[in-house]
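Undergrad: These protein sequences, in sequence, are chains A and B.
For the first sequence, the residue numbers in our numbering are 916 to 1400.
For the second sequence, the residue numbers in our numbering are 576 to 1068.
For glycine and all other residues, C-beta sits at the position ideal for the given N, C-alpha and C.
From a predicted model like this one, the values you see are computed outputs, not experimental measurements.
Have a look at the structure that comes next, please.
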Amino acid sequence: MAYLIAGETGDWEVVIGLEVHAQIVSRAKLFSGAATGFGAEPNTQVSLVDAAMPGMLPVINGYCVEQAVRTGLGLKAQVNLHSVFERKNYFYADLPQGYQISQYQQPLVGEGWVVLDLADGSSREVGIERLHMEQDAGKSLHDRDPGRTFIDLNRSGIALMEIVSRPDLRSPEEAGLYLRKLRAIMRYLGTCDGNMEQGSMRCDVNVSVRKAGETDLRTRTETKNVNSVRFVMQAIAHEAERQVAVYESGGTVEQETRLFDPDRGETRAMRAKEFAHDYRYFPDPDLLPLELTEDYVESIRAALPELPDEKKRRFMAGFGLSPYDAGVLVAERETADFYEAVARGRDAKTAANWVISNLFGALNRKGLSIAESPVSAENLGRLLDLIAADTISGRIAKEVFEVMVETGGDAGSIVEEKGLRQITDTAEIEAAVDKVIAENPDQVAKFRGGNEKIAGWFVGQVMKATGGKANPKLVGELLKEKLRN
Amino acid sequence: MTAALTDLTLAEARDGLQAGSFSSVELTRAHSAAVERARSLNAFITETPDLALGLAEASDARRRRGGAAGPMDGIPIAVKDLFCTEGVSTTAGSHILDGFTPTYDSTVTANLKGAGAVMLGKTNMDEFAMGSANMTSYYGPVKNPWKGGDGRDLVPGGSSGGSTAAVAARLCLGAIGTDTGGSIRQPASFCGVVGLKPTYGRCSRWGIVAFASSLDQAGPMARTVRDAAVMLGAMAGHDARDSTSAPVDVPDFEAALSAGVGGLKVGIPKEYVVDGMAAEIGRLWEKGAAWLKESGAEIVEVSLPHTRHALPAYYIVAPAEASSNLARYDGVRYGLRVAGGSLDEMYENTRGAGFGAEVRRRVLIGTYVLSAGYYDAYYLKAQKVRTLIAEDFRRAFETVDVLLTPTAPSAAFAIGEKMDDPIAMYLNDVFTVPASLAGLPAISVPAGLSAGGLPLGLQLIGRPFDEETVLGAAHALEAAAGFDARPPPVGEA
């Protein structure tokens, strides 16, 4: 279903392209050996290179290159064997060199794509224009002192990947899906932790609008540094509405850089001075061009993990899961791994139901991630085994599961401790059935009078009498037999 | 005794130390005293006599234990103030680095320190190595120890003018400098000393305040070719901290001297004749060719057709890189800061006060040529010219082993001359810039005196990483020229 903004002059379509800055998972920075841990005391992870001391020179961190190549391959993109680092020159207090080392005309990674799984179960490809490597700047702290700005260079020189999409996205929802998918791919690859709160994934949002049916692109604006998926979606929605209003009031949209104000859910134009740079890009003479070999790229490709799309296909084909369930399970590598551990040697669909409905429900309620789950995959599997072996009923299993969530205990032990083991002893169940029949002659008469629907009521009574532990199948069979006689 | 010690060549001093004829402490004291006496030259920005004495004592102690580090152990040298030196102020000749004392040693100075060399101090230089007369230093001009016929003070050349003046005036046994477009060779010619710019990548740039990264190269300046060869051996070597440092072995450069020029083909590039070049320079060049021929070389005329484009290309590429390299001097982290009402104002005040006129000019030129709309016409085109110039050399070296050219178009000129005409000043580098653009090793050897009694050098240019052939040819040229003139003594009064 197309996302259109209804204006007075007709429907408007939104065209969105995203530039994502993803921090590369690496213990050292892109051009120095300094550490990259989040949350360290200011200016404690700064080498002489990061502080741009006189005479210091950058040396490329090979692991960061490997991570970026891995990401490119994960985006099904072409890896360029020859790429060039350039200097992007501008002055800012938290940019010690007075330039950012980036890639411009010859990036490491060329065109690729990301598959979006849309809400209606369909999927569609979003083009990736390029991925290049660059170094991060430091951080200016303006709010610590009324008259001064403090500079923290811990982030200075940290390796980033800038991933630029084609203007293929058409709604805030698609943008959200794209970001989540990109994040999932990088997390599968271990190349970016995708943590937007900690700034390890940031997004510049390019938005334009056009009349439904138009094929040319109109002027776009760029909203900088939006730092959550929700904010990206809000920024797009607001910016698209704003542009429509501008056009409909007879104005023109200016190509400009804007900022998103999360408190007001709005974008606002930056002052021209804040972005009017001529970056004077030129190849960094301190660094040789980056030359890779086919063998190097292929060795990384050969070691790639299974990615969400492939995993989803396998879950659907191999386990018979619905596209929706498979999509939910593969969204995070940890979830998929958890699910696979539960499903191994068991009924895959039951496993999927338990993970998606019960486990996710419990985790959401407790605000925990899958990694923090009190119920291990092994324990959940054993619970399913108890159901399969008719040791407990599905209803009892839910009770046991709640205890597991609270205590982290083992399913078998909980069943034994609480005496929840299902009654499969026919004699014992028979006694309970006889008792219920004996105590309810009126109901028996109704049944025998032809009201067979009442059988369910008898089952409930027997289950109640056995504390829910009677095997419901046996109860049903015995009741049928006895009521009919 | 003191005078005798400062008159030694570096190699003689090395032999004397080995023979136990004198100690490094004696050698160092003699040179530190000379440095002090010659302050009128303004060759040093920072003198480090106490540090030097400590290093000399340590060297002598090593030698007593029989563990001298090598040929440079105990040898007093001077260091251009562009090299970062741990615990010793480093200014790059600029006001903007006020108060900056590195916590680290450049790779080259660390290599020399490791080889036992004794640093006497940091020598004066053109600001950020931008200049050909040592007139742009925040710390004032350096005087050439050679005097004009009328007694006028002359420039030592630049930008490594403090280092060459110190070598020529016998204030040190050798000095290190850097050469971006001629900053070792041209002042060597002006001061009558040997100056060698190695192949780009031969010496690490790590810890050298950057001027133009794709051109900067450290090299030795000394009174003989042998001394330069000894020094280079201690300076060179691959350094993983400099991505442009070449992973090549360091040969025994001194051993290469004995090869001579027998059987060598020496090219004479016909394009190295420029308007306004003194006739005596041309005559010296011819003489140099004749000497090499007499020494057994074959002289071949060659063509380097793009030579005349080298200087303009250089004055685009070098300022472009400089404009970016000098962006880090912003008053935020170290050096000078001149407060302002906003960040931009602080930048403007700091950089306006911190950079001299020539540096500002080159930063502006560099900014201009990299700007949107001008990049293709200037920077990109200059890079193409650079490729053509390198190709000229490559082709020439298919037929010859080494090239012979003048080093500079004139002898040293008077302090204050050419200051109002930057183009005339830039022309000083016309013979040295092509080899810089091509990254080739080149040496200036003092070969004679001008009519005014001032030293003139000849330049030999070699194939990449073939410093050995260059040094061998330079050694033969030096022997044939028999240059033994020396400047008048300084500060004896």
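Can you give me the start and stop residues for the beta strand (DSSP E) that Trp721 (chain B) sits inside?
TA: Trp721 (chain B) -> no beta strand (DSSP E), and no H or E assigned at all.
Undergrad: Val961 (chain A) versus chain B: which residues are under 7 Å apart at the beta carbon?
TA: Within chain B, no residue comes near Val961 (chain A); the closest Cβ sits about 10 Å away, beyond 7 Å.
Undergrad: How big is the Cα-Cα spacing for Leu1012 (chain B) and Tyr889 (chain B)?
TA: Near 7 Å, if we compare the C-alpha coordinates of Tyr889 (chain B) and Leu1012 (chain B).
Undergrad: Hey, does Leu1203 (chain A) have any beta-carbon neighbour from chain B nearer than 8 Å?
TA: Answer yes: the Cβ-Cβ gap between Leu1203 (chain A) and chain B drops below 8 Å somewhere.
Undergrad: Determine the extent of the beta strand (DSSP E) in which His936 (chain A) is found, giving its start and end residues.
TA: Its beta strand (DSSP E) spans residues Gly925 to Gln938.
Undergrad: Tell me which same chain residues have a C-beta within less than 6 Å of the C-beta of Leu630 (chain B), skipping the five on either side of it?
TA: Counting only Cβ-Cβ distances below 6 Å, and skipping sequence neighbours, we find Val693.
Undergrad: Can you give me the C-alpha to C-alpha distance between Arg1183 (chain A) and Leu1174 (chain A), rounded to a whole angstrom?
TA: Taking the straight line from one Cα to the other gives about 5 Å.
Undergrad: Would you mind telling me which residues of chain B sit closer than 9 Å to Ile975 (chain A), beta carbon to beta carbon, in chain order?
TA: Those are Ser818, listed as they occur along chain B.
Undergrad: So, is the C-beta of Gly782 (chain B) closer than 8 Å to a C-beta in chain A?
TA: Closer than 8 Å to some Cβ of chain A, the Cβ of Gly782 (chain B) qualifies, so yes.
Undergrad: Can you tell me where the beta strand (DSSP E) holding Ser753 (chain B) begins and where it ends?
TA: This sequence places Thr at residue 753 (chain B); Ser is not what is there. Note, Thr753 (chain B): beta strand (DSSP E), Gly749 to Asp754.
Undergrad: DSSP three-state call for Thr684 (chain B): helix, strand or coil?
TA: Helix at Thr684 (chain B).
Undergrad: Below 8 Å on the Cβ atoms is my contact criterion, and I expect Leu695 (chain B) with Pro651 (chain B) to pass it. Report the Cβ-Cβ distance as a whole number of Å.
TA: Confirmed, Cβ separation roughly 5 Å.
Undergrad: Quick one: what does DSSP say Gln1034 (chain B) is sitting in, helix, strand or coil?
TA: Note: Gln1034 (chain B) maps to strand in three-state DSSP.
Undergrad: Is the beta carbon of Met1319 (chain A) sitting closer than 8 Å to the one on Ile1329 (chain A)?
TA: Going by C-beta atoms, Met1319 (chain A) is nearer than 8 Å to Ile1329 (chain A).
Undergrad: What are the residues that DSSP puts in a beta bridge with Asn1121 (chain A)?
TA: In the DSSP output, where bridge partners are listed per residue, Asn1121 (chain A) has A:Gly932 and A:Glu1137.
Undergrad: Given a limit of 9 Å on CB to CB distance, which residues of the region 676-698 of chain B reach chain A?
TA: Flagged, chain order: Pro677, Thr678, Tyr679 and Ser681.
Undergrad: Within the 8 Å Cβ cut-off, does Tyr978 (chain A) reach chain B?
TA: Cβ-Cβ to chain B under 8 Å: no for Tyr978 (chain A).
Undergrad: Please name the residue, chosen from B:Tyr954, B:Asp1059, B:Glu861 and B:Asn699, that lies closest to Pro887 (chain B) on a Cα-to-Cα basis.
TA: The option with the nearest alpha carbon to Pro887 (chain B) is B:Tyr954.
Undergrad: How many angstroms separate the CA atom of Gly808 (chain B) from the CA atom of Leu859 (chain B)?
TA: Spanning the two alpha carbons is a distance of roughly 30 Å.
Undergrad: Could you name the residues of the same chain whose beta carbon sits closer than 8 Å to that of Ala1068 (chain B), not counting the 5 residues immediately before and after it, in chain order?
TA: Confidence in Ala1068 (chain B) is poor, its pLDDT being 41 and thus under 50, which makes the residue's placement unreliable; the coordinate value appears in the next sentence. Nothing meets the Cβ criterion.
Undergrad: Run through chain A and tell me which residues come within less than 8 Å of Ser664 (chain B), C-beta to C-beta.
TA: Neighbours of Ser664 (chain B) on chain A: none; closest Cβ ~12 Å, over 8 Å.
Undergrad: What does the Cβ neighbour count give for Met576 (chain B), buried or exposed, with the cut at 16 atoms within 10 Å?
TA: Confidence at Met576 (chain B) is low in this model, with a pLDDT of 46, below 50, so its placement is unreliable and the value that follows should be read with caution. Exposed, since its Cβ has fewer than 16 Cβ neighbours within 10 Å.
Undergrad: Taking the continuous alpha helix (DSSP H) assigned at Asn924 (chain B), which residues delimit it?
TA: Leu918 to Gly929 is the extent of the alpha helix (DSSP H) around Asn924 (chain B).
Undergrad: Once you ignore the five residues that flank Ala588 (chain B) on each side, which residues in its own chain have a CB closer than 7 Å to its CB?
TA: Leu602, Ile650 and Leu748, listed in sequence order.
Undergrad: Less than 8 Å separating the beta-carbons of Arg637 (chain B) and Asp625 (chain B)?
TA: No, Cβ-Cβ distance for Arg637 (chain B) and Asp625 (chain B) is not below 8 Å.
Undergrad: Can Pro731 (chain B) and Pro762 (chain B) be called in contact, C-beta distance under 8 Å?
TA: Yes, they are a contact pair.
Undergrad: Within 10 angstroms of its Cβ, does Gly642 (chain B) collect 16 or more other Cβ (buried), or is it exposed?
TA: Flag for Gly642 (chain B) reads exposed.
Undergrad: Would you grab the beta carbon distance between Gly929 (chain B) and Tyr909 (chain B) for me? Rounded to a whole angstrom, and I think it's under 8 Å.
TA: Actually they are not in contact, since the Cβ atoms of Gly929 (chain B) and Tyr909 (chain B) sit about 12 Å apart, beyond 8 Å.
Undergrad: Going by DSSP, what residues sit across from Phe863 (chain A) in a beta bridge?
TA: Past the edges of chain A, shown from 916 to 1400, lies residue 863 (chain A), and the structure says nothing about it.
Undergrad: Grab the span of the beta strand (DSSP E) containing Gly1276 (chain A) for me, first residue to last.
TA: Gly1276 (chain A) -> not in any beta strand (DSSP E); alpha helix (DSSP H) instead, spanning Phe1275 to Lys1281.
Undergrad: Going by the beta-carbon positions, is the gap between Pro1016 (chain B) and Glu1042 (chain B) smaller than 8 Å?
TA: Yes, Cβ-Cβ distance for Pro1016 (chain B) and Glu1042 (chain B) is below 8 Å.
Undergrad: CA-CA distance, Thr1138 (chain A) and Thr819 (chain B)?
TA: About 38 Å.
Undergrad: How many angstroms separate the CA atom of Thr660 (chain B) from the CA atom of Ala653 (chain B)?
TA: Going by the C-alpha atoms only, they are around 12 Å apart.
Undergrad: Secondary structure at Lys1313 (chain A), three-state DSSP: helix, strand or coil?
TA: Here Lys1313 (chain A) sits in helix by DSSP.
Undergrad: Is the number of C-beta pairs between the region 1117-1125 of chain A and the region 916-936 of chain A that are closer than 8 Å three or more?
TA: Yes: at least three Cβ pairs fall under 8 Å.
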